[in-house]
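Q: Here it is, the structure, as structure tokens.
2 protein chains.
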Amino acid sequence: MKPVTQDRPYSQTLTRLREAGLRPTRQRLALGRLLFDGGDRHVTAEALHEEAQAAGVSVSLATVYNTLHQFTEAHLLREVVVDSARTYFDTNVSDHHHFFLENSGSLMDIDGNKIAITGLPQAPDGTDVARVDVIVRLQGTPRAAE
Amino acid sequence: MKPVTQDRPYSQTLTRLREAGLRPTRQRLALGRLLFDGGDRHVTAEALHEEAQAAGVSVSLATVYNTLHQFTEAHLLREVVVDSARTYFDTNVSDHHHFFLENSGSLMDIDGNKIAITGLPQAPDGTDVARVDVIVRLQGTPRAAE
DNA sequence: TCTCATATTTAGAATTATTCTAAGCTGTTG
DNA sequence: CAACAGCTTAGAATAATTCTAAATATGAGA
Chain A
30 MKPVTQDRPY
40 SQTLTRLREA
50 GLRPTRQRLA
60 LGRLLFDGGD
70 RHVTAEALHE
80 EAQAAGVSVS
90 LATVYNTLHQ
100 FTEAHLLREV
110 VVDSARTYFD
120 TNVSDHHHFF
130 LENSGSLMDI
140 DGNKIAITGL
150 PQAPDGTDVA
160 RVDVIVRLQG
170 TPRAAE
Chain B
30 MKPVTQDRPY
40 SQTLTRLREA
50 GLRPTRQRLA
60 LGRLLFDGGD
70 RHVTAEALHE
80 EAQAAGVSVS
90 LATVYNTLHQ
100 FTEAHLLREV
110 VVDSARTYFD
120 TNVSDHHHFF
130 LENSGSLMDI
140 DGNKIAITGL
150 PQAPDGTDVA
160 RVDVIVRLQG
170 TPRAAE
């Protein structure tokens, strides 16, 4: 059985950028590597910025925002709306859904072809379905340990 | 077949407030009536504020925010997260989901018991499912009229 | 390798939705 | 009708994100 994550061996960030028509600048390469090396990730702009700083890469927050949006347009990332306070970006761009832990604010992927949704009414006239998002909101149970 | 909306004859706003333990103030009554009279609604704080002004009710925006949150705690409203830019409040608190028209920013209800979701993995240890949200994102088709 | 036009980055200001604060009203209860 | 707890409110404060304009880096071509 395939994991949710597609094969994505040590991200060829450079190649990906070229394909997307984005100049491989120092900042984009660094952010790309942070994002795409090592599995699926869900990040906020703020968090990625801190991570970059911590990794000794100097990038402004504005550039982090720019880059996240450009990557999203290039379909290297996907935006996930779960919380009205902040925007998450997901490195997994395949068909899937999310668990959202309301306490910690963390996200977990749910494989898209494990879930089936039936009975959806058809889209109203003059519209097309761009995407269906399923968000399973979780709360920590009172006494988790026993 | 039942419509999505439960019967809700000309909202007894006063009663609802009492039951929720909220003082029936002029502002809460007015906002309650705007919200609960006449079918299911999806509003933003800003929009409800303007509507109140237009109806000749003087309420501050802060009070609109307070009231929307208090109504939500009292389960008279439900918060819908579809757009990272603004928060929507839904007067339909029964089990249901949403179409979201990305162009206009408008929401439409999808009856909850028309849809079935199968194959959801169980919630991780120490967590409980608080709610499952399905959002069908719609885009206007290029040439809607023909 | 050098130059240049253009894309990119950036600091800081600006914006926007929302929350907070502190002071003044108002409902309710005795 | 007094009095207090609960409400409302203007305006300040916050926080995430976007904008601006100036400085810098990149890639193509000579």
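Here the protein sequences come in this chain order: A and B. Letter 3 of the first sequence, counting from 1, is numbered 32 in my numbering, and no numbers are missing. Letter 138 of the second sequence, counting from 1, is numbered 167 in my numbering, and no numbers are missing. By construction, the Cβ of each residue, glycine as well, lies at the ideal position given by its N, Cα and C atoms. As the structure is a prediction and not an experimental result, all values here were calculated from the model.
1. Between the alpha carbons of A/V111 and B/V111, how many angstroms are there, rounded?
2. Using the Cα positions of B/T42 and B/H125, report the straight-line distance between them to the nearest angstrom.
3. Please report the residue range of the alpha helix (DSSP H) in which B/L97 lies.
4. In chain order, what residues of the same chain lie with their CB nearer than 6 Å to the CB of B/Y94, ignoring the 5 residues before and after it?
5. Relative to the C-alpha of B/L105, which candidate in B/Q168, B/G169, B/E48 and B/A114 has its C-alpha closest?
6. Run the CB neighbour count on A/T170, radius 10 Å, all protein chains shown included, and call it buried at 16 or more, exposed below.
7. Tell me which residue opens and which closes the alpha helix (DSSP H) that A/R47 is part of.
8. Counting only beta-carbon atoms, is A/D157 nearer than 9 Å to chain B?
9. What number of angstroms, rounded off, separates the C-alpha of A/G50 from the C-alpha of B/R166?
10. Does B/A159 come out as helix, strand or coil in the three-state DSSP assignment?
11. When we look at the beta-carbon of A/T54 and count the other beta-carbons within 10 Å, is it buried (16 or more) or exposed?
12. Please classify A/T44 as buried or exposed, where buried requires at least 16 neighbouring CB atoms within 10 angstroms.
13. Bridge partners for B/A145 per DSSP, in chain order?
14. Taking A/S133 as the reference, which of B/G155, B/F118 and B/E131 has the closest Cα?
15. Can you find a C-beta in chain A that's less than 9 Å from the C-beta of B/Q35?
16. If we call anything under 9 Å between Cβ atoms a contact, is A/F118 one with A/F100?
17. For A/P59, which residues from the same chain have a beta carbon less than 8 Å from its beta carbon, with the 5 sequence-adjacent residues on both sides left out?
18. Do A/I139 and A/V109 count as a contact pair if the criterion is CB distance below 9 Å?
19. Using DSSP with H/G/I as helix, E/B as strand and the rest coil, what is B/G134?
A: If we stick to the structure as given:
1. 7 Å
2. 23 Å
3. L90 to E102
4. A74
5. B/E48
6. exposed
7. T42 to A49
8. yes
9. 27 Å
10. strand
11. exposed
12. exposed
13. A/T147
14. B/G155
15. Note that B/Q35 has pLDDT 46, beneath the 50 cutoff, so the model's placement of it is unreliable and no number is given.
16. yes
17. The displayed chain sequence assigns Ala, not Pro, to residue 59 of chain A. Hits under 8 Å: A81, A84, V86 and V88.
18. no
19. coil
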